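Have a look at the structure below before the remarks.
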Amino acid sequence: FMLKEIMEEPEALRRAILPRIKDGKVVFEGLQLDIRQYHSIKIIACGSSSHVGMVGKYNLEKLTRIPTEVVLASEFRYCDPIIDDKTLVIVISQSGETLDTMAALREAKALGARSLSIVNVVGSSIARESDDVLYTWAGPEIAVATTKAFVTQLAVIDLLAVWLAAQLGRLSADEETRLTAAIAALPAQVEQILSSRERIQYYASQYFNHDSVFFIGRNLDYALGMEGSLKLKEISYIHSEAYASGELKHGTISLIEPGTLVVALGTYSPLFDKAMSNVIEVKARGASVLALTTEQNREEMEKRVDGILTIPDTELMLLPLLGVVPLQLFAYYVALQRGCDIDKPRNL
Ligand code: F6R
């Protein structure tokens, strides 16, 4: 099911995106929200959905300049959150039934926040209890590890960031047209990545027996690494960690030794040089490096690493949506090589 669901991503994305773009503008039918009434945004979610929240935080802050925080639902409930009626709470959940997320939504509402949920399962508890809901329309997910719902959650939060920025007058009509065109192009770009999955399978066959993997990246690539790492560990049982690359020197680098696999994420081109210097740093300690970058930076990266995966070029804010697809496939093929029960990982 996991592979089937990854292969369904282009269709799921079309359902999530195409009805919401009209004449170069984002349209959310029935959504009455006036963002000028809110001074902060809190994103509440668990697991992979919280990684969508991390990407959302970077993109919402960049486009709207509204302070945005991502809080794990299981922490939110017990941290005496600072929330009032000027807070917009965005709740993200595939199932719409996750208990911690549900409880956090109730708490946020009790404190006066306005709630907007991004949910896959129509009519689920979270969808019903939120002031507004944006459905992802990914279709049912059978595999435990989320894939197609994850990419559609990203698409919806990216559309939301554009919609809110336009409402605030922070995007010119040309910029909005450019961004919506790039969002509309995503399903075909995901198809392109899926068609080159043999290369990903090849790298999985090279690296499946590593015991320890680090995903490193900065900014959007850090959020991407969080998801790549979770996907790998939950279905292959390989110990895997995600780090903001700049944190390596504050302790983690002592774990890098000959044979450690580092998945270096260098899709975010403004920080590409920084990504390269981290690659050089871990290579010098004997790590094997599998890099993920965009087509425009392929040549530069290829000289320094042991393996390379690429994604098509797109707008910066959309990079994690394309970048996660090869990481999902990598996790899948590694788990397959290791003979794991991919759709039903132990203990989950
Ligand atoms: C990981 C995964 C989980 C979920 C998490 C939240 O592949 O599927 O981490 O993302 O349990 O679930 P939802 O989104 O249904 O609230």
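Each number in the numbering used here comes from the position in the sequence shown (counting from 1) with 4 added on.
Yeah, the Cβ is synthetic: ideal placement off N, Cα and C, and Gly gets one too.
Just so it is clear, the structure is predicted and the values come from calculations on it, not from any experiment.
Relative to the C-alpha of residue i, which candidate in the options has its C-alpha closest?
| i | options | result |
| --- | --- | --- |
| P274 | G221, V95, K46 and V329 | G221 |
| I87 | K278, R69, L67 and A108 | A108 |
| T150 | L164, I239, Y207 and I161 | I239 |
| Y207 | R19, L35 and G311 | G311 |
| D225 | K26, T298 and Q196 | T298 |
| R308 | V160, V266 and I10 | V266 |
| A246 | E101, A227, V123 and P262 | A227 |
| S134 | V93, I25 and Q157 | V93 |
| E251 | K235, Q36, A279 and E12 | A279 |
| E319 | M305, R201, E180 and I25 | E180 |
| E12 | F80, M230 and V155 | V155 |
| A268 | I257, S244 and A295 | A295 |
| E101 | V95, K90, K113 and S128 | S128 |
| H243 | K253, G232 and S249 | G232 |
| R372 | A185, S200 and S249 | In the structure as shown, the chain begins at 5 and stops at 352. Residue 372 is therefore absent and cannot be evaluated. |
| L7 | S121, I146 and A112 | I146 |
| L22 | D347, M106, V95 and A142 | A142 |
| R350 | V148, A248 and I204 | V148 |
| F276 | S249, S121, A291 and D215 | S249 |
| G290 | Q300, S281, N301 and I260 | I260 |
| V293 | Q210, Y337, G343 and L64 | Q210 |
| I96 | D89, M106 and K90 | M106 |
| K90 | S78, L37, V59 and S53 | L37 |
| A114 | R81, I122, L103 and G28 | R81 |
| P262 | E73, M230, A170 and D215 | D215 |
| N223 | Q41, E65 and I257 | E65 |
| G255 | V286, E79 and Y241 | V286 |
| S258 | K237, Y241, M230 and F218 | F218 |
| N144 | T264, Y42, E73 and E9 | Before going further, note that residue 144 is Pro rather than Asn in the sequence given. The candidate whose alpha carbon is nearest that of P144 is E9. |
What is the C-beta distance between residue i and residue j, in whole angstroms, given that I count them as a contact (C-beta under 8 Å)?
| i | j | result |
| --- | --- | --- |
| L326 | I315 | 4 Å |
| L138 | F32 | 6 Å |
| A159 | L190 | 7 Å |
| M321 | G270 | Wrong, their Cβ atoms sit about 17 Å apart, outside the cutoff. |
| I197 | F334 | Between F334 and I197 the Cβ distance is about 12 Å, and since that is not below 8 Å, they are no contact. |
| L323 | Y272 | 6 Å |
| L163 | R24 | 6 Å |
| V75 | S99 | That pair is no contact at about 19 Å. |
| I161 | V59 | 7 Å |
| T140 | V123 | 7 Å |
| D347 | F5 | 5 Å |
Where does residue i land, buried or exposed, given buried means 16+ other C-beta within 10 angstroms?
| i | result |
| --- | --- |
| I284 | exposed |
| C83 | exposed |
| K61 | buried |
| G116 | exposed |
| H55 | buried |
| K235 | buried |
| A288 | exposed |
| A192 | exposed |
| S199 | exposed |
| D178 | exposed |
| G51 | buried |
| L35 | exposed |
| R118 | buried |
| G57 | buried |
| R40 | exposed |
| E303 | exposed |
| S281 | exposed |
| L352 | exposed |
| G343 | exposed |
| R132 | exposed |
Examine chain B for any beta-carbon lying closer than 8 Å to the beta-carbon of residue i, and answer yes or no.
| i | result |
| --- | --- |
| I284 | Of the protein chains in this structure there is only one, and it is not chain B. |
Residue ranges of each alpha helix (DSSP H) run of no fewer than 4 residues wholly in the segment 29-100, ordered along the chain? 51-68 and 77-80
Could you say if the segment 173-190 and the segment 63-70 meet the contact criterion of at least three C-beta pairs nearer than 8 Å? yes
Spell out a yes or no on whether the segment 300-318 and the segment 46-53 are touching, meaning 3 or more CB-CB pairs, one atom from each, closer than 8 Å. no
In the segment 95-146, which residue ranges form an unbroken alpha helix (DSSP H) of at least 4 residues, counting only runs that do not cross its ends? 103-114 and 129-133
Tell me the start and end of each unbroken beta strand (DSSP E) in the segment 170-243 that is at least 3 residues and wholly inside, in chain order. 216-221
Given 8 Å, three or more beta-carbon pairs between the segment 329-345 and the segment 7-23: yes
Whole runs of the alpha helix (DSSP H) within the segment 263-312, excluding any shorter than 4 residues: Here the runs fully enclosed are 276-288 and 302-306.
Inside the segment 5-31 only - alpha helix (DSSP H) runs reaching at least 4 residues: 6-11 and 13-21
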